[in-house]
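In the UniProt record's numbering, the protein residues as written are 1 to 459.
Each remark here refers to the structure printed beneath this line.
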């Protein structure tokens with residue numbers, strides 16, 4: 001069915017798959033629960049986390065005592081670029097917040113010798129095979145790897161004395177981990193194709209750069225000793241972030257490993273498809289008219305969200321903004337199980353309590369905890385651009401428009417919109433539960449203009 005340029009469609013009375021919908025599409029505010037001003041503001045800040053504010057979170061013995069506050073500050077404004085390498089180890093779980101400075105020094109030493117033992121093992125195994133020489137030394141490998149050689153020179157003397165024992169333990173640790181040569185060879189072929197194309201437009205990886213060697217070694221080491229995950233395209237873009245921030249092979253590897261513990265399912269086909277289905281469901285709840293239109297244009301599967309979710313919007317923003325987006329999403333401060341979400345739900349419960357004259361109503365299944373904040377960010381991008389999407393007449397135009405948004409989105413505007421939608425969903429989840437208990441009497445929609453649109457299905 002052809003969509004006419006004025007937005008109307010030809011009716012088809014003999015086709016039962018057609019249904020009446022309103023035109024023009026409503027503004028999204030009217031399709032979800034309206035919000036009071038105080039419900040829409042959580043505390044986004046134009047100021048990023050500074051050294052002074054970060055230092056104030058530590059006790060005298062060097063322990064970070066308030067992890068919740070740290071995550072709140074990261075979420076509200078991101079982190080000052082020169083501070084990221086100090087904050088990210090706590091953000092991604094490399095260091096426990098309860099650790100002392102000395103304990104963190106010991107951990108860094110352990111991380112280093114353990115990583116080097118793992119890397120040494122796969123290199124040794126492959127070097128003994130003639131059919132692996134090309135994989136070990138691709139053309140882009142030009143410089144010896146001495147990236148972290150100065151680490152030990154900065155260690156206190158008493159920790160240096162422990163390093164030799166750590167090396168023995170690390171060798172045993174590496175030896176216990178089995179890996180399959182053929183699987184690793186297959187992964188390395190893909191890695192050697194992806195690495196030379198990774199972030200070549202930023203100085204850290206441009207030209208004949210030793211950092212490409214470091215990136216390759218991190219990916220191969222992870223693939224070798226995490227065979228249940230292996231390597232998937234997109235991991236190179238994640239690791240490059242950690243390398244730019246830390247400028248350390250060891251810290252980048254272990255932070256990436258910690259990160260992958262939480263998202264490894266998303267690098268499988270079914271895992272990412274499940275997540276995209278959640279975006280479909282969330283958009284249907286928050287802006288059903290927009291989702292219906294996308295589905296009508298055969299774009300209802302929202303597969304264009306795949307890159308957004310896999311890379312945490314890395315290619316949608318300038319590199320520095322993409323780092324800010326990444327750390328904000330990884331702060332996990334604003335989730336449906338968080339205190340902020342519960343405050344929003346409590347606010348709606350209080351309003352309902354007053355409306356019902358002091359009567360408390362039963363609330364069941366108030367929200368879907370699988371709706372993470374990054375899903376709200378996906379929906380925010382679509383809702384903010386809904387008018388332009390409605391001007392697209394078919395799936396090809398919609399796809400081209402979505403791609404044209406790359407590097408044109410305002411990071412702060414998108415995050416603020418995502419927060420607004422998040423809080424509206426919290427209120428809507430309470431209202432919907434009450435409506436199930438006590439369904440309202442429907443009122444006829446007077447004066448609505450109707451047209452025929454073919455019913456579409458989410459693929």
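Glycine included, every Cβ here is placed at the ideal spot set by N, Cα and C.
What you are looking at is a predicted structure, and each value in this text was computed from that prediction instead of being measured.
- The beta carbon of residue 302 sits closer than 6 Å to those of 276, 279 and 280, all from its chain and outside the five residues before and after it, given in chain order.
- With contacts defined by Cβ atoms closer than 9 Å, residue 373 and residue 388 do not form a contacting pair.
- Membership of residue 288 in the alpha helix (DSSP H) is indicated by the continuous run 288 to 296.
- For residue 256 against residue 242, the beta-carbon gap comes to about 5 Å, under 8 Å, which counts as contact.
- Annotated as distal: residue 93 and residue 324, with beta-carbon spacing of 9 Å or more.
- In this model, residue 48 and residue 410 are separated by some 16 Å (Cα to Cα).
- Counting along the chain, residue 166 sits inside the alpha helix (DSSP H) bounded by residues 157 to 176.
- Linking residue 321 to residue 412 through their CA atoms gives a straight-line distance of about 9 Å.
- Distance check between residue 375 and each of 385, 391 and 310 places 310 closest, using alpha-carbon atoms only.
- Assignment of residue 309 by DSSP, reduced to helix, strand and coil, places it in the helix class.
- In the three-state reduction of the DSSP assignment, residue 58 falls in the strand class, which pools E and B.
- Taking residue 218 as reference, the option from 115, 103, 56 and 417 with the minimal CA-CA separation is 115.
- When the beta-carbon positions are compared, residue 226 and residue 260 come within less than 9 Å of each other.
- The Cβ-Cβ distance between residue 105 and residue 159 falls below 9 Å.
- With a cut-off of 8 Å on Cβ pairs, the stretch 113 to 130 is in contact with the stretch 160 to 174, counting three or more such pairs.
- Judged by their CB atoms, residue 135 and residue 209 are not nearer to each other than the 9 Å cut-off.
- Excluding sequence positions up to five before and after residue 53, its CB lies within less than 8 Å of the CB of 73, all in the same chain and listed in chain order.
- In chain order, 57, 64 and 90 place their CB closer than 7 Å to the CB of residue 70, counting only its own chain and leaving out the 5 sequence neighbours on each side.
- Annotation for residue 218: the continuous alpha helix (DSSP H) segment containing it runs 210 to 225.
- Pairing residue 187 with residue 118 gives a Cβ-Cβ distance that is not under 9 Å.
- Spanning the alpha carbons of residue 113 and residue 167 requires a straight line of approximately 6 Å.
- At a Cβ-Cβ threshold of 9 Å, residue 229 and residue 140 do not count as neighbours.
- When the Cα atoms are used, residue 307 and residue 424 turn out to be separated by approximately 26 Å.
- Note on geometry: alpha-carbon atoms of residue 127 and residue 184 lie some 13 Å from one another.
- Exclusion of the five residues before and after residue 215 leaves 195, 198, 205, 236, 239, 240 and 243 as the residues of its chain whose Cβ lies within less than 8 Å of its Cβ.
- Distance from residue 384 to residue 414 at the Cβ level is roughly 7 Å; contact confirmed, criterion being Cβ atoms closer than 8 Å.
- DSSP lists 58 as the bridge partner or partners of residue 64.
- Judged by beta-carbon spacing, residue 249 lies beyond the 9 Å limit of residue 108, meaning their Cβ atoms are not closer than that value.
- Between the alpha carbons of residue 405 and residue 305 lies a gap of roughly 12 Å.
- Put simply, of 190, 332 and 390 the residue whose alpha carbon is nearest the alpha carbon of residue 369 is 332.
- Annotated three-state conformation of residue 402 is helix, per DSSP.
- The alpha-carbon separation between residue 62 and residue 97 amounts to approximately 9 Å.
- When DSSP reads this structure, residue 79 sits in a beta bridge with 49.
- Exclusion of the five residues before and after residue 316 leaves 406 and 409 as the residues of its chain whose Cβ lies within less than 6 Å of its Cβ.
- Rounded to the nearest whole angstrom, the CA to CA distance from residue 200 to residue 207 is 7 Å.
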